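Under the working numbering, the letters of the sequence shown match residues 1 to 96, in that order.
A short write-up of the structure that comes next.
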Amino acid sequence: MTTIDFATETSRITSRPAVATRVANIVSNAYRAWKNRRAFYRLGEMSDAELADIGLTRADLCVAIDVPFGRDPTVILREITSDRVETIEEIARKVA
Numbered sequence: 001m002t003t004i005d006f007a008t009e010t011s012r013i014t015s016r017p018a019v020a021t022r023v024a025n026i027v028s029n030a031y032r033a034w035k036n037r038r039a040f041y042r043l044g045e046m047s048d049a050e051l052a053d054i055g056l057t058r059a060d061l062c063v064a065i066d067v068p069f070g071r072d073p074t075v076i077l078r079e080i081t082s083d084r085v086e087t088i089e090e091i092a093r094k095v096a
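Shown next, in the form of structure tokens:
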């Protein structure tokens with residue numbers, strides 16, 4: 001076996017696990033997004049008072065649902081609530 005043959009064989013061997021890992025990550029992320037989207041739809045069944053208890057509004061749900069299917073809408077909700085909490089804390093600091 002020459003050095004060129006060995007180098008070619010080595011690159012094929014090392015690229016297969018990387019491709020398998022990428023495919024596994026894609027499947028895992030798609031499953032997680034699907035599962036979180038199901039949880040997101042359960043939020044839509046809650047009353048406005050229940051949503052307010054967890055720091056959300058019905059409008060927040062409308063904003064978060066506009067993301068493409070591959071993205072997770074709960075990430076958008078998390079960003080919205082953290083921004084709201086920061087704003088409330090900032091207002092409280094100004095008052096105090």
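Backbone N, C-alpha and C define an ideal beta-carbon position, used for all residues, glycine too.
Since the structure is predicted, the reported quantities are computational estimates derived from the model, not experimental observations.
Check                                                                                           : Outcome
Isoleucine 91, enclosing alpha helix (DSSP H) - first and last residue                          : 73-95
Same chain, Cβ closer than 7 Å to threonine 87, five either side skipped, listed in chain order : none
Where the alpha helix (DSSP H) containing leucine 51 begins and where it ends                   : 48-53
Beta-carbon spacing of alanine 64, phenylalanine 40 below 8 Å                                   : yes
DSSP-derived helix/strand/coil call for phenylalanine 40                                        : helix
Glycine 55 to leucine 43 span [Cα, whole Å]                                                     : 12 Å
Three-state secondary structure (DSSP) of isoleucine 26                                         : helix
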